[in-house]
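Undergrad:
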Amino acid sequence: MFNKKIIIILISVLLYQSPLLSKSTSFDEFSSRNLSKYFSGIVALENKNNSEALDFFNSSKILINQHEPYLERLVTTLVLEDKVPQAINFIRINSEKSNSQFFEAYILLALDNLKKNKINKAIEVLSKIPEDFKRDRFNFIITNSLIQYANVIRDKEIKVEKTNFGNLSLISETFQRCYLDDKSTDTFFSKLINNVQADYSRYIFFYLTHLIEKNRIKDAKEITQGLDYVNTTLLLSQGKSWVERDQIKEFSKVFSCTNHNDIIGEFLFLISNLFSSQNEFEKSNFYLSLSTYLNPKFVFNLSLVAENLYLNQDYEKSKNILKNFNKNQDFYYWYRSKKEAQIITKTRDKDEALNYIKSKFDKIENPNDKFIFDIANFYKNSKKYETAIEYYSLIINKLDDDSEVKADLLYRRGGSYERLKDYESADKDLLASLKIKPNDAYVLNYLAYSWLERDFQINEAIEMLEKAYEKENNDPYIIDSIGWAYYLVDDFIKAEQFLKRAVQLMPDDPIVNDHYGDILWKLDRKIQARYFWSMVLEMKDAEEDLLDQIKDKLITGPKNS
Numbered sequence: 001m002f003n004k005k006i007i008i009i010l011i012s013v014l015l016y017q018s019p020l021l022s023k024s025t026s027f028d029e030f031s032s033r034n035l036s037k038y039f040s041g042i043v044a045l046e047n048k049n050n051s052e053a054l055d056f057f058n059s060s061k062i063l064i065n066q067h068e069p070y071l072e073r074l075v076t077t078l079v080l081e082d083k084v085p086q087a088i089n090f091i092r093i094n095s096e097k098s099n100s101q102f103f104e105a106y107i108l109l110a111l112d113n114l115k116k117n118k119i120n121k122a123i124e125v126l127s128k129i130p131e132d133f134k135r136d137r138f139n140f141i142i143t144n145s146l147i148q149y150a151n152v153i154r155d156k157e158i159k160v161e162k163t164n165f166g167n168l169s170l171i172s173e174t175f176q177r178c179y180l181d182d183k184s185t186d187t188f189f190s191k192l193i194n195n196v197q198a199d200y201s202r203y204i205f206f207y208l209t210h211l212i213e214k215n216r217i218k219d220a221k222e223i224t225q226g227l228d229y230v231n232t233t234l235l236l237s238q239g240k241s242w243v244e245r246d247q248i249k250e251f252s253k254v255f256s257c258t259n260h261n262d263i264i265g266e267f268l269f270l271i272s273n274l275f276s277s278q279n280e281f282e283k284s285n286f287y288l289s290l291s292t293y294l295n296p297k298f299v300f301n302l303s304l305v306a307e308n309l310y311l312n313q314d315y316e317k318s319k320n321i322l323k324n325f326n327k328n329q330d331f332y333y334w335y336r337s338k339k340e341a342q343i344i345t346k347t348r349d350k351d352e353a354l355n356y357i358k359s360k361f362d363k364i365e366n367p368n369d370k371f372i373f374d375i376a377n378f379y380k381n382s383k384k385y386e387t388a389i390e391y392y393s394l395i396i397n398k399l400d401d402d403s404e405v406k407a408d409l410l411y412r413r414g415g416s417y418e419r420l421k422d423y424e425s426a427d428k429d430l431l432a433s434l435k436i437k438p439n440d441a442y443v444l445n446y447l448a449y450s451w452l453e454r455d456f457q458i459n460e461a462i463e464m465l466e467k468a469y470e471k472e473n474n475d476p477y478i479i480d481s482i483g484w485a486y487y488l489v490d491d492f493i494k495a496e497q498f499l500k501r502a503v504q505l506m507p508d509d510p511i512v513n514d515h516y517g518d519i520l521w522k523l524d525r526k527i528q529a530r531y532f533w534s535m536v537l538e539m540k541d542a543e544e545d546l547l548d549q550i551k552d553k554l555i556t557g558p559k560n561s
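If you use this note's numbering, the sequence shown corresponds to residues 1 to 561, in order.
#1: If you check the beta carbons only, do D480 and V512 fall under 8 angstroms apart?
#2: Using a Cβ-Cβ cutoff of less than 8 angstroms, which residues in the same chain neighbour V536 once the five nearest sequence positions on both sides are dropped?
#3: Using the three-state DSSP reduction, which class does Y207 fall into: helix, strand or coil?
#4: Which same chain residues, not among the five before or five after I562, have their C-beta less than 6 angstroms away from its C-beta?
#5: Could you tell me the alpha carbon to alpha carbon distance between W533 and A485, rounded to whole angstroms?
#6: Curious, which full-length alpha helix (DSSP H) runs of at least 4 residues does the stretch 452-498 contain?
#7: If I measure Cβ to Cβ from K360 and keep anything under 7 angstroms in the same chain, skipping five residues before and after, which residues do I get?
#8: Can you tell me the Cα-Cα spacing of N285 and S277, whole angstroms?
#9: Alpha carbon to alpha carbon, how far is L126 from I119?
#10: Determine the direct distance from the alpha carbon of I372 to that of I395, and round the result to whole angstroms.
#11: Please name the residue, chosen from A502, K421, G557, L505, that lies closest to I527 on a Cα-to-Cα basis.
#12: Which same chain residues, not among the five before or five after K159, have their C-beta less than 6 angstroms away from its C-beta?
#13: Within the continuous alpha helix (DSSP H) that includes S623, where are the two ends?
#14: Would you be able to state if there are at least three C-beta pairs under 8 angstroms between the stretch 109-123 and the stretch 143-161?
#15: Would the beta-carbon of D401 be found less than 7 angstroms away from any heavy atom of the ligand NAD?
#16: Less than 8 angstroms separating the beta-carbons of K437 and A461?
#17: Rounded to a whole number of angstroms, what is the C-alpha to C-alpha distance between S31 and R73?
#18: Short of 7 angstroms in beta carbon distance, which residues of its chain neighbour K494, apart from the five on each side in sequence? Order them along the chain.
#19: By a C-beta neighbour count over all protein chains shown, 10 Å radius and 16 as the cutoff for buried, is T414 buried or exposed?
#20: Output the distance between the C-alpha atoms of G166 and N301, rounded to the nearest integer angstrom.
#21: Does DSSP classify M506 as helix, strand or coil?
#22: Along the alpha helix (DSSP H) that carries P85, what are the first and last residues, could you check?
#23: With C-beta atoms as the reference, is Y333 less than 8 angstroms away from K327?
#24: Of the residues L71, Q497, E81, I344, which one's Cα is nearest the Cα of V305?
#25: Return the first residue and the last residue of the alpha helix (DSSP H) that E543 is part of.
#26: Per DSSP, what kind of secondary structure is F298 in: helix, strand or coil?
#27: In angstroms, rounded to a whole number, what distance separates the CA positions of L452 and K540?
#28: Checking 8 angstroms against the spacing of the C-beta atoms, do Y229 and K370 come in under that value?
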């Protein structure tokens with residue numbers, strides 16, 4: 001009975017597909033068993049379970065010649081599982097059939113030829129991509145950019161292009177000039193790195209690679225001396241660490257401008273990020289896998305894969321990806337240790353996670369400021385505030401008084417003092433942070449809310465919160481704070497407007513729901529107030545003190561009512 005239902009569902013789906021995708025042969029050839037597995041594969045793919053999807057697709061391969069979308073789904077799944085050569089092989093086998101006519105099939109064949117240094121063949125494949133496919137903006141950009149890369153590789157020169165894709169074109173031309181060892185390579189990297197429209201600090205790493213490749217070690221060291229570990233990206237911190245430890249040979253082990261597969265691999269990584277920014281995560285992972293296929297040496301991009309798996313709660317796969325980072329890659333090995341500790345927090349126990357990361361930290365000789373900063377954050381998140389303060393202080397005492405990094409560290413240390421109820425030290429740190437960055441919305445919010453909780457300088461606190469709200473009017477924590485401030489000065493109508501929005505933005509936050517309940521009570525909406533308080537009792541993150549207060553409120557209302 002179940003299999004018959006699947007056949008009916010699939011026939012309906014297949015019959016209503018567009019003519020482009022549904023030139024299947026007779027459905028008489030479809031067995032219920034194969035349809036069931038195929039359907040299960042589609043469901044698994046939709047649910048982001050690529051391994052399971054691949055198993056189902058592999059067990060229903062008979063459909064490859066009977067239903068055109070089958071090959072596209074199989075190829076997509078193989079790429080997502082980092083089985084790119086197998087995906088290419090399936091496309092080659094079916095290249096004369098209409099079921100291989102989809103955009104990604106052309107891209108895979110072109111990349112395979114580029115990887116094998118068959119540049120003319122790659123250009124030929126890319127030039128055959130139908131115009132219909134290129135109506136999609138991203139497809140158009142990918143096609144034209146790859147053709148441009150291929151022409152530069154073949155002709156050893158850069159031609160003026162009619163189409164310009166803004167900063168994407170600037171990035172591509174920078175790498176192409178680096179590939180050709182063009183005399184203007186430095187100028188292009190400088191223009192890219194100092195671009196005010198976006199943060200392109202990632203490309204400093206590749207510039208360092210170029211400088212070291214040209215034996216310009218002194219220039220590389222001058223650049224890294226100006227970088228601060230605490231607020232520098234993971235990739236760039238790794239480059240800075242290699243330069244400082246004279247491990248300059250490590251750069252060529254992962255990337256070279258003179259290798260066309262490496263520079264195209266970086267282009268595909270950029271495309272992956274573009275798709276990710278549009279929340280098209282499957283396509284993002286697809287192009288990330290292609291980037292790895294072209295340059296498997298550049299394992300650092302796998303940190304994104306590990307992060308995505310962690311966010312999807314696929315902890316075992318995340319741990320397997322993390323094993324790609326070794327001790328020679330000290331920053332990525334430390335990243336691995338941190339992520340493993342976070343997985344322990346999610347799957348076992350916070351104290352065990354803290355002990356794990358502490359054991360890793362204790363093995364590091366002369367830990368740099370970034371590692372100290374991270375361990376301080378671990379202690380703070382574990383509510384071990386005294387130890388967190390000790391580590392934050394190690395860095396703060398070395399920094400200049402006007403350093404923006406110092407402002408952030410003072411904010412974090414001040415928050416730790418506040419949790420210990422050492423309000424004098426907390427206020428001192430938070431005010432010092434604001435002296436460096438007067439308009440930091442989050443420091444303003446934290447200090448003002450702390451004052452509200454202590455019934456201290458309420459009017460000044462409201463002024464700070466209004467300033468914070470002006471800077472970040474969509475932040476739910478700031479909205480909650482300003483709503484609570486109006487509650488404390490008995491402006492319940494205004495307070496309700498803010499807290500209602502905060503609850504909509506953070507429906508599962510116990511403090512926000514508690515605050516909203518208090519305001520509803522003041523507005524004589526007592527049934528609704530009890531509803532929101534009751535919700536807090538069901539929330540896992542609610543602290544015991546708050547739960548005790550809620551139980552009293554359900555009977556008598558707020559103490560100041």
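Using N, Cα and C, we set each Cβ at its ideal position, and we do this for glycine too.
TA: Reading from the atomic positions:
#1: yes
#2: P510, N513, D514, G517, A542, L546, L547, I550
#3: helix
#4: No answer is possible for residue 562: the residues shown for the chain start at 1 and end at 561.
#5: The straight-line gap from Cα to Cα measures roughly 19 angstroms.
#6: Listed in chain order, they are 458-471, 476-488.
#7: Hits under 7 angstroms: S337.
#8: 12 angstroms
#9: 11 angstroms
#10: 8 angstroms
#11: G557
#12: Same-chain partners within the cutoff: there are none.
#13: For the chain, the structure presents residues 1 to 561; residue 623 sits outside this window and is missing.
#14: Three or more Cβ pairs drawn from the stretch 143-161 and the stretch 109-123 lie within less than 8 angstroms of each other, which places the two stretches in contact.
#15: Ligands in the displayed structure: none, and consequently the ligand NAD is not present.
#16: no
#17: Because S31 carries a pLDDT of 43, less than 50, the predicted location of this residue cannot be relied on, and the following value inherits that uncertainty. Cα-Cα distance, rounded: 19 angstroms.
#18: Y486
#19: Looking at the sequence itself, residue 414 is Gly, so the reference to Thr does not match. The residue in question, G414, is buried, as its Cβ has 16 or more Cβ neighbours within 10 Å.
#20: Approximately 24 angstroms between the Cα atoms of the pair.
#21: coil
#22: 84-93
#23: yes
#24: E81
#25: From DSSP, E543 is part of no alpha helix (DSSP H); its letter is neither H nor E.
#26: coil
#27: 25 angstroms
#28: yes
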